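Trainee: Starting off with a structure, shown below.
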Ligand code: HEM
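What follows is the structure, given as structure tokens:
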């Protein structure tokens, strides 16, 4: 959705965030109007060291490996645009990527725990990597299970989105859950309101292209139905809603000639 201004209003109680947006929109009356908005709840990412890791609607801890606000080195390396990275007016800023990802909660709830954990690459209770250890133990992609198979499935989301498979790229995820009622069949119209900050759009595109479909592998035992459906809309910087990743890439290449490269 093309717009001039983007506000992410966060509070412990959504009523407070709503109140902030309402007041900003009141002050802007006659000069600006809201083009698009989404109410989220229950942050889906840990963003400071003192926070315990929250859970997303799939019930897994989310944000274990996130960039934290109290890690200035990682923020400089991955999130804030430096004067060497882009136009002077953008120095000290960042790019926000936004996706409404539908999660098929009912499908997911019928998947066996062991399969859910394989899809994510971490255990559900503690969020520890399936290669062993506790929540913050680094993932070991070489570790084998008793049957000689990789302990972390090669298609596991935590592996595909890991910096080791993405040229060292890390994103600062700051998403929320959403529930927009239910669909005509009675299923929850729910999902992850994915928000990430990164110093260049191509970084998000890079992670999304390989692992960022979310835990999007076909759900075994469910006739290939996916527990995560493609984004109802993906927005990045100035990119319009309701466009596919390819169109986003093409749009970005037009907007930032020579700066967006996707393998
Ligand atoms: C419904 C969709 C999604 C769900 C349920 C989901 C869930 C998770 C979970 C449970 C983890 C492991 C815990 C953690 O390290 O935070 C994780 C990690 C991660 N996810 Fe997602 N995710 C989704 C979509 C995405 C998308 C769209 C992207 C990016 C385009 C993304 C990027 C990442 C990254 C970068 C990591 C950390 C990998 C690492 O450094 O080890 N995720 N996600």
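In the working numbering, the protein residues as written are 1 to 263.
Even glycine gets a Cβ: it sits at the ideal position worked out from N, Cα and C.
Being a predicted model, the structure only gives us computed values, none of them experimental.
(1) Using the Cα positions of residue 151 and residue 122, report the straight-line distance between them to the nearest angstrom.
(2) Going by beta-carbon coordinates alone, are residue 129 and residue 139 separated by less than 8 Å?
(3) Of the choices 9, 205 and 208, whose alpha-carbon is the least far from that of residue 40?
(4) Please give the ranges of any alpha helix (DSSP H) in the stretch 126 to 181, keeping only runs that are unbroken, at least 4 residues long and fully inside the region.
(5) Quick one: residues in its chain with C-beta nearer than 6 Å to the C-beta of residue 42, no 5 flanking neighbours on either side, listed in chain order?
(6) Please report the distance separating the alpha-carbon of residue 170 from that of residue 20.
(7) Can you tell me whether DSSP reads residue 67 as helix, strand or coil?
(8) On the three-state DSSP scale, how would you describe residue 204?
(9) Indicate, with yes or no, if the ligand HEM has a heavy atom lying under 7 Å from the CB of residue 54.
(10) Please state if the CB of residue 173 and the CB of residue 66 are separated by a distance shorter than 8 Å.
(11) Is it the case that the Cβ atoms of residue 102 and residue 181 are separated by a distance below 8 Å?
Mentor: Taking the coordinates as given:
(1) The count along the chain shown starts at 1 and reaches residue 151 at position 151. The count along the chain shown starts at 1 and reaches residue 122 at position 122. Cα to Cα, residue 151 sits roughly 10 Å from residue 122.
(2) By one-based count along the chain shown, residue 129 stands at place 129. By one-based count along the chain shown, residue 139 stands at place 139. Yes, Cβ-Cβ distance for residue 129 and residue 139 is below 8 Å.
(3) Translated into the one-based positions of the chain shown, residue 40 becomes position 40. Ranking 9, 205 and 208 by CA distance to the CA of residue 40 puts 9 first.
(4) Runs of the alpha helix (DSSP H) inside the stretch 126 to 181: 157 to 160.
(5) In the chain shown, the residue the question calls residue 42 occupies position 42. Taking C-beta separations shorter than 6 Å and ignoring five residues to either side along the sequence, the partners of residue 42 in its chain run 177, following chain order.
(6) Residue numbering aside, residue 170 sits at position 170 when the chain shown is read from its first letter. Residue numbering aside, residue 20 sits at position 20 when the chain shown is read from its first letter. For residue 170 and residue 20, the distance between alpha carbons rounds to 30 Å.
(7) The sequence position of residue 67 within the chain shown is 67, counting from 1. Residue 67 sits in coil when the DSSP states are folded into three classes, being neither helix nor strand.
(8) In the chain shown, the residue the question calls residue 204 occupies position 204. Here residue 204 sits in helix by DSSP.
(9) Within the chain shown, the letter at position 54 stands for residue 54. Not under cutoff, so the answer is no.
(10) In the chain shown, counting from the first residue as 1, residue 66 sits at position 66. In the chain shown, counting from the first residue as 1, residue 173 sits at position 173. Yes, Cβ-Cβ distance for residue 66 and residue 173 is below 8 Å.
(11) To locate residue 102, count along the chain shown from 1; it is residue 102. To locate residue 181, count along the chain shown from 1; it is residue 181. With contacts defined as CB atoms closer than 8 Å, residue 102 and residue 181 fail to qualify as a contacting pair.
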